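S.K.: So that we are looking at the same thing, I have put the structure below in structure tokens.
Number of protein chains: 2
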Amino acid sequence: MSNIEQSEPGITPPLRSLLSAMLFEALPDSARRQLRDHAPVQSFTDGQLIHQRGTAPDGFCLIEEGTVSVGQFLASGEFRSVALLGPGDSYGELAILSRRPRIVDSLARGPARVRFIGGALFERVLASDPAAMRALLGAMAAQLQETLDLLAGIRSGTTLARAAGLLGNLAGGGHQPRTVTITQQEIADLLGVTRATANAALARLEKNGLIARSYRAITVHEPARLRIRALE
Amino acid sequence: MSNIEQSEPGITPPLRSLLSAMLFEALPDSARRQLRDHAPVQSFTDGQLIHQRGTAPDGFCLIEEGTVSVGQFLASGEFRSVALLGPGDSYGELAILSRRPRIVDSLARGPARVRFIGGALFERVLASDPAAMRALLGAMAAQLQETLDLLAGIRSGTTLARAAGLLGNLAGGGHQPRTVTITQQEIADLLGVTRATANAALARLEKNGLIARSYRAITVHEPARLRIRALE
DNA sequence: TTCGGATTGTTCGATATTTGACATTCCTGT
DNA sequence: ACAGGAATGTCAAATATCGAACAATCCGAA
Numbered sequence: 001m002s003n004i005e006q007s008e009p010g011i012t013p014p015l016r017s018l019l020s021a022m023l024f025e026a027l028p029d030s031a032r033r034q035l036r037d038h039a040p041v042q043s044f045t046d047g048q049l050i051h052q053r054g055t056a057p058d059g060f061c062l063i064e065e066g067t068v069s070v071g072q073f074l075a076s077g078e079f080r081s082v083a084l085l086g087p088g089d090s091y092g093e094l095a096i097l098s099r100r101p102r103i104v105d106s107l108a109r110g111p112a113r114v115r116f117i118g119g120a121l122f123e124r125v126l127a128s129d130p131a132a133m134r135a136l137l138g139a140m141a142a143q144l145q146e147t148l149d150l151l152a153g154i155r156s157g158t159t160l161a162r163a164a165g166l167l168g169n170l171a172g173g174g175h176q177p178r179t180v181t182i183t184q185q186e187i188a189d190l191l192g193v194t195r196a197t198a199n200a201a202l203a204r205l206e207k208n209g210l211i212a213r214s215y216r217a218i219t220v221h222e223p224a225r226l227r228i229r230a231l232e
Numbered sequence: 001m002s003n004i005e006q007s008e009p010g011i012t013p014p015l016r017s018l019l020s021a022m023l024f025e026a027l028p029d030s031a032r033r034q035l036r037d038h039a040p041v042q043s044f045t046d047g048q049l050i051h052q053r054g055t056a057p058d059g060f061c062l063i064e065e066g067t068v069s070v071g072q073f074l075a076s077g078e079f080r081s082v083a084l085l086g087p088g089d090s091y092g093e094l095a096i097l098s099r100r101p102r103i104v105d106s107l108a109r110g111p112a113r114v115r116f117i118g119g120a121l122f123e124r125v126l127a128s129d130p131a132a133m134r135a136l137l138g139a140m141a142a143q144l145q146e147t148l149d150l151l152a153g154i155r156s157g158t159t160l161a162r163a164a165g166l167l168g169n170l171a172g173g174g175h176q177p178r179t180v181t182i183t184q185q186e187i188a189d190l191l192g193v194t195r196a197t198a199n200a201a202l203a204r205l206e207k208n209g210l211i212a213r214s215y216r217a218i219t220v221h222e223p224a225r226l227r228i229r230a231l232e
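Protein chains in written order, with the UniProt record's numbering: chain E, 1 to 232; chain R, 1 to 232.
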């Protein structure tokens, strides 16, 4: 599992699980064990390319050690990261399931060890365990719902309204205060605005008593209220 | 099937299949027949609410006749539509699969007849047909890939770059010219900008020879080139 | 405790977008 | 052929955001 703050109630995980479909963890223990036991581990050096976007998928990856950055190379050669994944995290399952090319590049960030789970093995395990397949269906459906919700919430409106919707969403939309662990840069990236603009919007939401800003975290006093605010 | 222009090669469908997860059609014929045969049909009058966002799912819908608008009510009471679905279209499968509340409201637009496929029946059919479940997994994985790609492409950058990325994406990213059936207002909605801004971006892309504008359609001369353009 | 890197807070001129409006074109039904 | 509604093209003042920079705060490692 990645560095998710789970020791404290009310703290929600950061975004990496939303933007990078980590489906491996939705599988039952037995399926996970089976996949892991038959999969070879490879080592990568800092900056080494693991997989390229557009390539045909022959397997997916489970990170054993180190950090892998998942994202996309820009025309300028720069790498735009969507997620930073660590030990226990997985990526690349979607391409296997959809039988379509990979949509992301992946790079080692520092030395990394990555376990490759072959597509054929994955299909065999799924075929022999309908409960595993159903669990995967459920996890993917939930993620698709969240992604569509996120898409709907950030598409248009003033930055202020969009920030309200995003935070209400990330804080789970309920009526209890929730603290979201996220940097303002990440919020800015999600909304597609500059950090300065995101900061200004957050400052206004805080001034209105809807949120409290702290270092690398935002406390949402009433997530449902923020969602409503976003729809105005 | 909804009003998709399939008679002409190079014409891609509009967005409704992307923004509304119509998974029913990914099922094998036998599974579809089985679901349809046991499902009751209900009639709705113009403007009648069919389902409300946030409600627990007991089934999903297959449109028999008429038009259903799927989207979300704003705080002002206005309805923001995400998709307009017609005969043969389905919606609401995600909530069943994820076992989470519905994320959309749905309204009849004119008189409509809708077939309700119960969640329990759906689960039974899936459990008895692993091929159907695998097909659904694949369709959902593909859709999640597309949605994540869309999200990645529209999140930040100038409107011009984002429009380029979106069109490159919608046109399939290949090297052959493709015509995308879409209004400029729909492009604007997707990008979260006004129609005037979308039109200005499109005009510039056309001036640069990358696209050709026509009524309710955009021809993308080389989709792969537009995608690259978006990443600059 | 100190240091260094990351993150946040803020500012302001430059640039982009919105808004509201009007004109023109397109398409479909009668 | 005509009418009406939808879609597109365009414009300019008002408003929002970007970009670059600097200062302040936070946190983890030594």
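Quick reminder that beta carbons are idealized off the backbone N, C-alpha and C, glycines included. For clarity, every value in this text was computed on a predicted model and none was experimentally measured.
Who are E:Thr67's beta bridge partners in DSSP?
M.R.: Paired residue(s): E:Arg109.
S.K.: Among R:Ile211, R:Leu144, R:Phe73, which has the Cα closest to the Cα of R:Arg178?
M.R.: Of R:Ile211, R:Leu144, R:Phe73, the residue nearest in Cα terms is R:Ile211.
S.K.: Indicate whether R:Ala39 and R:Arg124 have their beta-carbon atoms separated by less than 8 angstroms.
M.R.: No, the pair does not count as a contact, with Cβ atoms beyond the cut-off.
S.K.: Could you check the C-alpha separation between R:Leu202 and R:Arg225 for me, to the nearest Å?
M.R.: If you take the alpha carbons of R:Leu202 and R:Arg225, they lie about 15 angstroms apart.
S.K.: Indicate whether at least one CB of chain E lies closer than 8 angstroms to the CB of R:Ser69.
M.R.: Judged by the 8 angstroms Cβ criterion, R:Ser69 is not in contact with chain E.
S.K.: With 9 angstroms as the C-beta to C-beta threshold (strictly closer), list the residues of the region 123-152 of chain E near chain R in chain order.
M.R.: Per Cβ criterion, the list reads Glu123, Leu126, Ala127, Pro130, Met133, Arg134, Leu136, Leu137, Gly138, Ala139, Met140, Ala141, Ala142, Gln143, Leu144, Gln145, Glu146, Thr147, Leu148, Asp149, Leu150, Leu151, Ala152.
S.K.: Cβ atoms of E:Leu23 and E:Ser128: under 8 angstroms apart, would you say?
M.R.: Not closer than 8 angstroms, so no.
S.K.: Tell me, please, whether the CB atom of R:Leu160 is closer than 8 angstroms to any CB atom in chain E?
M.R.: So, not an interface residue.
S.K.: Can you name the residues of chain R whose CB is closer than 8 angstroms to the CB of E:Val220?
M.R.: Per Cβ cutoff of 8 angstroms: no residues; E:Val220 is ~18 angstroms from chain R at best.
S.K.: With distance defined between alpha-carbon atoms, name the residue in E:Val220, E:Val193, E:Ala95, E:Val68 nearest to E:Pro57.
M.R.: The shortest C-alpha separation from E:Pro57 is found at E:Ala95.
S.K.: What span of residues does the alpha helix (DSSP H) with R:Val125 cover, start to end?
M.R.: Looking at the DSSP string, the run of the alpha helix (DSSP H) that includes R:Val125 is 119-128.
S.K.: Taking the Cβ atom as the reference point for each residue, do R:Ala26 and R:Val68 lie within a distance shorter than 8 angstroms?
M.R.: No. Outside cutoff.
S.K.: Do you know whose CA, among E:Leu97, E:Pro130, E:Thr181, lies nearest E:Met140's CA?
M.R.: Ranking E:Leu97, E:Pro130, E:Thr181 by Cα distance to E:Met140 puts E:Leu97 first.
S.K.: Going by DSSP in three states, E:Gln34 sits in which element: helix, strand or coil?
M.R.: The answer is helix: DSSP assigns E:Gln34 an H, G or I state.
S.K.: Report the CB separation of E:Gly138 from R:Arg99 in whole angstroms; it is logged as a contact under 8 angstroms.
M.R.: Contact holds; Cβ gap of about 6 angstroms.
S.K.: Just to confirm, does R:Arg134 get its C-beta within under 7 angstroms of one of the non-hydrogen atoms of the ligand NAP?
M.R.: The ligand NAP is not part of the structure shown, which contains no ligands of any sort.
S.K.: Taking only runs that begin and end inside the UniProt domain "HTH crp-type" (157-224) of chain R, name each unbroken beta strand (DSSP E) of 3 or more residues, in chain order.
M.R.: Here the runs fully enclosed are 178-181, 211-214, 217-220.
S.K.: How would you label E:His51, buried or exposed, when you count the other beta carbons within 10 angstroms and need 16 or more for buried?
M.R.: E:His51 comes out buried.
S.K.: Give the straight-line distance between the Cα atoms of E:Val220 and E:Val180, rounded to the nearest whole angstrom.
M.R.: Using only the alpha carbons, I get a separation of about 8 angstroms.
S.K.: Between R:Arg109 and R:Asp46, which are expected to be in contact by the criterion C-beta below 8 angstroms, what is the C-beta distance as a whole number of angstroms?
M.R.: Rounded, the Cβ-Cβ distance is 7 angstroms, consistent with contact.
S.K.: Comparing C-alpha positions only, which one of R:Val193, R:Arg134, R:Ile103 sits nearest to E:Thr147?
M.R.: Out of R:Val193, R:Arg134, R:Ile103, R:Ile103 has the C-alpha closest to the C-alpha of E:Thr147.
S.K.: Mind checking who R:Ala26 pairs with in its DSSP beta bridge?
M.R.: According to DSSP, R:Ala26 bridges with nothing at all.
S.K.: Output needed for R:Leu167: all residues of its chain with C-beta closer than 7 angstroms, excluding positions within five of it in sequence on either side, in chain order.
M.R.: Here the set comprises Val180, Ile211, Ile218, Val220, Leu226.
S.K.: In chain E, which residues lie with their C-beta within 7 angstroms of the C-beta of R:Leu107?
M.R.: Within chain E, no residue comes near R:Leu107; the closest Cβ sits about 16 angstroms away, beyond 7 angstroms.
S.K.: What does DSSP give as the partner residues of R:Gln72 in its beta bridges?
M.R.: Note: R:Gln72 sits in a beta bridge opposite R:Arg80.
S.K.: Run down chain E in chain order and give the residues with a C-beta less than 7 angstroms from the C-beta of R:Ala21.
M.R.: Near R:Ala21 (Cβ distances below 7 angstroms), the residues of chain E are Leu144.
S.K.: Is E:Thr158 closer than 8 angstroms to E:Thr197 when the C-beta atoms are compared?
M.R.: Contact: no.
S.K.: Expressed to the nearest angstrom, what Euclidean distance is found between the alpha-carbon atoms of R:Gly118 and R:Gly172?
M.R.: Straight-line Cα distance between these residues: approximately 35 angstroms.
S.K.: Buried or exposed: which applies to R:Pro14, given that a residue is buried once 16 or more other Cβ atoms fall within 10 Å of its Cβ?
M.R.: The predicted model places R:Pro14 with a pLDDT of 44, which falls under 50 and marks its position as unreliable; any figure quoted below should be read in that light. Buried, because 16 or more other Cβ atoms sit within 10 Å of the Cβ of R:Pro14.
S.K.: Indicate the three-state DSSP secondary structure (helix, strand or coil) for E:Arg115 in the structure shown.
M.R.: Looking at E:Arg115 - three-state DSSP - the assignment turns out to be strand.
S.K.: Of the choices R:Ile182, R:Ile187, R:Phe122, whose alpha-carbon is the least far from that of R:Ala31?
M.R.: Checking every option, the nearest Cα to that of R:Ala31 belongs to R:Phe122.
S.K.: Who are the neighbours of R:Leu94 on chain E, taking C-beta pairs under 7 angstroms?
M.R.: What R:Leu94 touches in chain E: Ala141, Leu144, Gln145.
S.K.: Interface residues of chain R around E:Leu99 at Cβ under 9 angstroms?
M.R.: It is worth fixing the name first, because residue 99 of chain E is Arg in this sequence and not Leu. Correct list: Gly138, Ala141, Ala142.
S.K.: Consult DSSP for E:Ile50 and reduce its assignment to one of helix, strand or coil.
M.R.: Correct three-state label for E:Ile50: strand.
S.K.: Report the option in E:Asn199, E:Asn208, E:Met133, E:Leu144 whose CA atom is closest to the CA atom of E:Pro28.
M.R.: Selected option, being the one with the closest Cα: E:Met133.
S.K.: How many angstroms separate the CA atom of R:Ala135 from the CA atom of R:Arg33?
M.R.: When rounded, the distance between both Cα atoms is 15 angstroms.
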